[in-house]
Amino acid sequence: MNERKSPLPSIEAVVFDFDGTLAELHLDFGHMRAAILDLLGSYGLQSREFEHLYLLEMIEAGERRVAESAIERGKAFRTEAMLCIERMEVQAARQSRLYDGVKGMLSFIRNESILTGIITRNCHRAVETVFPDYTRYVDALLSREMTRRVKPDPGHLAELLAHLQIDADRVRMVGDHPIDIQVGKKLGTYTAAVLTGTGKPEELQRAQPDFLMGHVLEILDIIPFAHQNP
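Each step along the sequence shown adds one to the number in my numbering, with nothing skipped, and position 149 is 132.
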C-alpha cells in the first residue's frame, strides 16, 4: 500500500468507479471489442488501425474514419456501434449485482456528511439494471451518456466534482483500473485502487495509488471520519 507522507486532509467526497469496484464485473470486453472490429470491417476499415484503442475510443476513431467518405455514414456507424455495446452491457448487467455491503458502506459514508459519486464508462441503463435505487445512496452519477468527456479524460471526474461543488484535494477517487487512478491524480485527488476488477495488481501498483485495497469496503478504514479525530 502506497500512502502520501503528508497528513490526510478531511475528505468531503468519495467518487467510485462502478463495474469491478461497486458491482460484479461480467462484461466480456474481448467479445465487445471483436464485435466493433467486425463492424469496422463491414465499413471497409482494417482492424489493425484500431485494435490498440480502448473500446469507446475505438468507436470514436472509427466514426471519424468512416465520416471521411460521408458524415452521415460516420454517424450511422456510431449509432450502430453504440447500440451494439449497449446491448452487451445491459445483458451483462442482468447477471451482475452490487458487492455485499456496498449499500451499507455508501449509507455510512453519507451519514458522516461525506458526499458520494459514481463515474463510469458504462451506459446508464446498465447501471440502473444493477443498482435501480442508486439515487438513495449516491449524490451524483455520470455515466458515459451524461458527459462529453469520458474517462480517461479527467473532465469526466472534473464535471462530477463541479456538480458536487467539492475541490479535488478533498476527494478520494476509488476504482479497479489504472485509468481511475490516473484520472484522480491528474485532478489532484487522493486515490485508492481495488483488486476486484480488471486491473492486474502489478498494473495498479505501477499507477501508484495512495492506497491499494483488496475490496471497496476497506475504504471505510482509510477515510478520516470526523468522529475519529481527537
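The C-beta atom is built at its ideal place from N, Cα and C for all residues, glycine as well.
Residue(s) in a DSSP beta bridge with residue i
i	result
Phe(-1)	Ile101 and Val157
Leu23	For Leu23, which the question treats as bridged, DSSP gives no partner whatsoever.
Thr174	Met156
Ala17	In DSSP, Ala17 forms no bridge with anything.
Leu195	Ala176
Ala6	Asp2 and Leu81
Whole-angstrom C-beta distance between residue j and residue i, which should lie under 8 Å
i	j	result
Cys106	Glu46	Rounded, the Cβ-Cβ distance is 17 Å, inconsistent with contact.
Neighbour-count burial assignment, residue i, 16 or more Cβ in a 10 Å radius
i	result
Glu185	exposed
Thr118	exposed
Leu144	buried
Lys134	buried
His14	exposed
Glu55	exposed
Glu72	buried
Leu66	exposed
Asn212	In this prediction, Asn212 scores a pLDDT of 44, lower than 50, which makes its location untrustworthy; the coordinate-derived value is nonetheless stated afterwards. With fewer than 16 Cβ atoms within 10 Å of its Cβ, Asn212 is classed as exposed.
Ala176	buried
Gly27	exposed
Thr174	buried
Proximity winner among the options, relative to residue i (alpha-carbon distances)
i	options	result
Lys215	Gly180, Thr181 and Asp152	An answer regarding residue 215 cannot be provided, because it is not within the stretch -16 to 213 covered by the chain.
Phe12	Ala75, Ala44 and Ser25	Ala75
Gln78	His9, Ile(-6), Gly167 and Gly180	His9
Asp122	Thr174, Ile42 and Asn94	Asn94
Gln188	Asp159, Gly3, Ile202 and Leu66	Asp159
Asp163	Thr179, Pro192, Glu63 and His146	Pro192
Ala17	Asp83, His35, Thr4 and Thr130	His35
Tyr82	His198, Phe60, Ile202 and Leu203	His198
Val110	Glu(-5), Thr4 and Ser(-7)	Thr4
Ile205	Val154, His139 and Tyr37	Val154
Ala(-4)	Gly167, Ser25, Thr181 and Arg131	Gly167
Val49	Glu7, Gly24 and Asp2	Gly24
Arg214	Ser126, Gly180 and Leu203	This structure leaves residue 214 out entirely; the chain is present only between -16 and 213.
Ser96	Ser(-7), Arg61, Asp150 and Lys183	Ser(-7)
Leu22	Arg61, Glu7 and Ala53	Arg61
Lys183	Leu98, Tyr173, Met196 and Met156	Met196
Tyr37	Phe1, Lys86, Tyr120 and Arg104	Arg104
Ala6	Val157, Gln165 and Ala190	Val157
Residue i Cβ short of 7 Å to the ligand MG heavy atom set
i	result
Met15	With respect to the ligand MG, the structure offers nothing, as it holds no ligand at all.
Which complete beta strand (DSSP E) runs does the region 42 to 114 hold, if anything under 3 residues is left out? 98 to 102
Within the region 120 to 166, ranges of the beta strand (DSSP E) (whole runs, at least 3 residues): 123 to 125 and 154 to 158
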